[in-house]
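Position 14 of the sequence shown, counted from 1, bears residue number 14 in UniProt numbering, the numbering being contiguous throughout. Backbone N, C-alpha and C define an ideal beta-carbon position, used for all residues, glycine too.
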Amino acid sequence: MELNKKVIAIILVISGLLIAGSFGIYRYYHAIQADAGLKVESTPPSQVFINNQLVGNTPIDKVLPAGEVTIKLIPDSTSSAISAYQTKIQLTPQTYTVIKRDFGDSDSLTAGETVSLLPQSTGKTSLSIVTSYPVSASVTVDDQPQGFTPLSLADIAPGDRKIVISAPGYSSRVIYVKAVTGYKLAVSAKLKESPLAKLDLFPRPSPVLATASASLESPDSFVTVLDTPTGFLRVRSGPGLNKSEIGQIKPGEKYPLLSASSDWYQIQVKLESTSSGWISSQYAAKK
1 MELNKKVIAI ILVISGLLIA GSFGIYRYYH AIQADAGLKV ESTPPSQVFI NNQLVGNTPI
61 DKVLPAGEVT IKLIPDSTSS AISAYQTKIQ LTPQTYTVIK RDFGDSDSLT AGETVSLLPQ
121 STGKTSLSIV TSYPVSASVT VDDQPQGFTP LSLADIAPGD RKIVISAPGY SSRVIYVKAV
181 TGYKLAVSAK LKESPLAKLD LFPRPSPVLA TASASLESPD SFVTVLDTPT GFLRVRSGPG
241 LNKSEIGQIK PGEKYPLLSA SSDWYQIQVK LESTSSGWIS SQYAAKK
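Written out as structure tokens, the structure reads:
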């Protein structure tokens, strides 16, 4: 009888330890899962939905379970032209993901970025930058040119960084971030069209003879290619980053100017398929 009591007591103690241990593991796992931060800012203020649940108005600062979530912003505006913004993001444990959105009167006049930290096994600090609009944009980090989006830098120094993303015809986006050792700093940005892009900054005089082209009368107009982050300047089939690349020219070279449209120059240049092309006025000086 005494032996049975001891056996029962031992079983109860072991059961209690197992239950306590399981509860402790659950609490530990739950704590790790919940340790992900989310900050959302917008102009104008917007309603914030996380997985279709309204959580408040911007700005918000919340701690959530790590993992993939769907974020939706509905701006407080009477304008029907301003549409809601929705995106899926991955919340990383023990880090913050930051979403900023500046709504304009249309999607082309709306800008913003999402900044997150993603763990990597290399132990280094890296940087990845993509732009949804336009698809290719110039990037500087701490005022040093780094190239064009999509951009990936395998090893950068940890600490505070200033990123500037720009493109002809668009307003530049300045983003302040903090690079952390052992994480990839991922930036996804959208630029807005500049109001000046709607204007012709270089009015063209009427040609002597009516033609389908918009050539300038003066044959003495030239452009000189300036230094670029890549060491060359892309020649495109038309005035815009969405136009196909048809060639490349080098800094210091001079070409006859045929016409100008907003932030683009049409130059006379000998290429395999054509004798003219368009270059960004950001990297060319008119003379």
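Residues that residue i bridges to, as DSSP identifies them
i	result
P256	F222
N57	Q47
L91	G67
I131	Here residue 131 is Thr; the residue named in the question, Ile, does not match the sequence. According to DSSP, T131 bridges with A189.
P145	T140
A36	L64
S166	S138
K100	E41 and E113
I175	I163
S83	DSSP output for S83 lists no bridge partner at all.
Residue i classed as buried or exposed, judged by whether at least 16 other C-beta atoms fall within 10 angstroms
i	result
Q266	buried
I32	For I32, the predicted structure reports a pLDDT of 46, less than 50, and the residue's modelled location is therefore unreliable. A value from the coordinates is still provided. The residue in question, I32, is exposed, as its Cβ has fewer than 16 Cβ neighbours within 10 Å.
I25	Its pLDDT being 43, under 50, I25 is placed unreliably in this model, and the value from its coordinates should be taken loosely. With fewer than 16 other Cβ atoms within 10 Å, it is exposed.
P65	exposed
A260	buried
residue 288	Outside the displayed range of the chain (1 to 287) lies residue 288, so it cannot be described from this structure.
S106	exposed
A284	buried
H30	For H30, the predicted model reports a pLDDT of 46, less than 50, meaning its position is unreliable and no value from the coordinates is stated.
T274	exposed
E113	buried
P168	buried
T181	exposed
Rounded straight-line distance, which links the Cα of residue j to that of residue i
i	j	result
V164	K178	14 Å
P59	Q268	51 Å
S276	K270	7 Å
G104	L185	27 Å
E41	K100	5 Å
L191	Y176	16 Å
P75	S83	8 Å
G238	S194	19 Å
S262	V223	15 Å
Q248	V235	5 Å
L233	E245	10 Å
T110	T87	15 Å
S172	L241	15 Å
S136	Y170	11 Å
I50	P229	39 Å
V63	T97	10 Å
S206	L257	Residue confidence is low: S206 scores 36 on pLDDT, short of 50, so the model does not pin down where it sits. Its coordinate-derived value is still stated next. Each residue's Cα considered, the two are about 16 Å apart.
P119	Y183	4 Å
V55	S46	11 Å
DSSP three-state assignment for residue i, whether helix, strand or coil
i	result
Q120	coil
S276	strand
Q282	helix
D107	helix
P195	helix
D227	coil
T181	coil
A137	coil
V235	strand
P150	coil
K250	coil
K72	strand
V269	coil
S244	coil
Are the region 55-73 and the region 127-139 in contact at 8 Å, needing three or more beta carbon pairs?
no
Segment contact, 8 Å Cβ cut-off, at least three pairs: the region 144-153 with the region 92-99
no
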